[in-house]
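Trainee:
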Amino acid sequence: MDIEEFFESMPFARLLGVEITDVEDGHAEGYIEMREDLSWNADRVMAHGGVTFTLADTVGGAALVSRVDQPVPTIDMRIDYLSAGTGDLRAEADVVRLGGDVGTVDVDVYATTDDTLIATARGVYKTG
1 MDIEEFFESM
11 PFARLLGVEI
21 TDVEDGHAEG
31 YIEMREDLSW
41 NADRVMAHGG
51 VTFTLADTVG
61 GAALVSRVDQ
71 PVPTIDMRID
81 YLSAGTGDLR
91 AEADVVRLGG
101 DVGTVDVDVY
111 ATTDDTLIAT
121 ARGVYKTG
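In structure tokens, the structure reads:
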């Protein structure tokens, strides 16, 4: 399975502009360029929480797909928002457990301008 192509063809990720930039055995990285229509604030471009969540979920799924070579629907994801995302965002995800039916992935989301940690997430995905 071409993981980058699979995620780039996902309509919602494409709508938001999520890009998978690196995928290897149990690890993935991705990026989203912030723009005004992704902001929650009319006076200042600040990532809506759903944008940050979508980036984390998509990159987390890519990390797991790199291990199981099939689509992995999200079962659950918990995210902690730590700082406002005021510019472009990047995410790094690592598989922490791969079982027969589920896999668990940890994801960190950063501001690209200064590497501020914006959010941490843990996703659980169906693998079997």
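Going by full-length UniProt numbering, the residue at position 26 of the sequence shown is 26; the numbering climbs one at a time, nothing skipped. Just so it is clear, CB atoms sit at the ideal spot from N, CA and C, and this is done for glycine as well.
Using a 10 Å radius around the Cβ and a threshold of 16 neighbouring Cβ atoms, would you call D115 buried or exposed?
Mentor: Around the Cβ of D115, a 10 Å sphere holds fewer than 16 other Cβ atoms; the residue is exposed.
Trainee: Does E8 have its Cβ less than 8 angstroms from a Cβ in chain B?
Mentor: Here there is only one protein chain, and chain B is not present.
Trainee: Nearest by alpha-carbon distance to R90: which of V96, D57, D25 is it?
Mentor: D57
Trainee: When burial is assigned at 16 or more other CB atoms within 10 Å of the CB, is F12 buried or exposed?
Mentor: exposed
Trainee: Helix, strand or coil for L82 per DSSP?
Mentor: Correct three-state label for L82: coil.
Trainee: With DSSP collapsed to three states, give me the class of R97.
Mentor: strand
Trainee: Report the three-state DSSP secondary structure of A63 (helix, strand or coil).
Mentor: In the structure shown, A63 sits in a helix (DSSP, three-state: H, G or I).
Trainee: Does the Cβ of V95 have 16 or more other Cβ atoms within 10 Å, making it buried, or fewer, making it exposed?
Mentor: Around the beta carbon of V95, a 10 Å sphere encloses 16 or more other beta carbons of the protein chains shown; the residue is thus reported as buried.
Trainee: Looking at the secondary structure, which residues open and close the alpha helix (DSSP H) in which A13 lies?
Mentor: 11-16
Trainee: In whole angstroms, what separates the C-alpha of R31 from that of F7?
Mentor: Note on identity: in this sequence residue 31 is Tyr, with Arg being the wrong assignment. Roughly 12 angstroms between the two C-alpha positions.
Trainee: Using the beta-carbon count (16 or more within 10 Å), is G61 buried or exposed?
Mentor: buried
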